[in-house]
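> Residue numbers (my numbering): 15 to 189. Here's a structure for you.
Structure, rendered in structure tokens:
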């Protein structure tokens, strides 16, 4: 065989390897989780407005691994889809505490809680301004002392896992 054939053969394989690397790099970038509104809300490291409530919920014999403050609204269709996700996630992560804050009156919220979130308790609020929540469903992941570690709009369990991972990174950076 000619030298030209071997040169073109190796060049072709080098191009295939280069293209495979480029495709894998793009896919990795594409599937990297980035939660919407994670740059808005209370700043990371800031105390959660109801820190005493978070500490009361976080209390107990065994200190919690973390604390989720989850915000929903009575008239939000996406929120109704995340209640089962949060409920299953809470069962898989028993060392984490979960508190649900619902933008609703008690009359609006109780039927939703009975239908969708049987294992969760809700605090009904009339304004999300104090929490600086940019949209719902939104979650803050807090340290045991009530400081914000991570945050964002979520829709599935992988997003909540991402909040835990991001929160652990923030905790390591602050230590």
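Don't be surprised by glycine CBs; every beta carbon is placed ideally from N, CA and C.
Between the beta-carbon of residue 38 and the beta-carbon of residue 146, is there less than 7 Å?
Their beta carbons are not under 7 Å apart, which means residue 38 does not touch residue 146 by this criterion.
> Check whether the Cβ atoms of residue 153 and residue 168 sit closer than 7 Å, and answer yes or no.
Yes; because the gap between Cβ atoms is below 7 Å, this pair is in contact.
> Could you work out which residue in 84, 89, 138, 19 is closest to residue 99 when comparing CA atoms only?
Closest by alpha carbon: 84.
> In angstroms, rounded to a whole number, what distance separates the CA positions of residue 140 and residue 119?
Residue 140 and residue 119: Cα-Cα distance of roughly 7 Å.
> Could you tell me whether the segment 98 to 112 touches the segment 124 to 138, where touching means 3 or more Cβ pairs closer than 8 Å?
At 8 Å Cβ cutoff, the stretches touch.
> With a threshold of 8 Å on Cβ separation, who are the neighbours of residue 188 within its own chain once the five nearest residues in sequence on each side are excluded?
Hits under 8 Å: 59.
> Is the beta carbon of residue 82 less than 7 Å from the beta carbon of residue 155?
Yes, the pair counts as a contact, with Cβ atoms nearer than the cut-off.
> If contacts are defined as beta-carbon pairs under 8 Å, then residue 50 and residue 166 qualify, I think. What distance do you get, rounded to the angstrom?
About 6 Å; that satisfies the 8 Å criterion.
> For the alpha helix (DSSP H) that contains residue 103, what are its first and last residues?
Element bounds for residue 103: 91 to 106.
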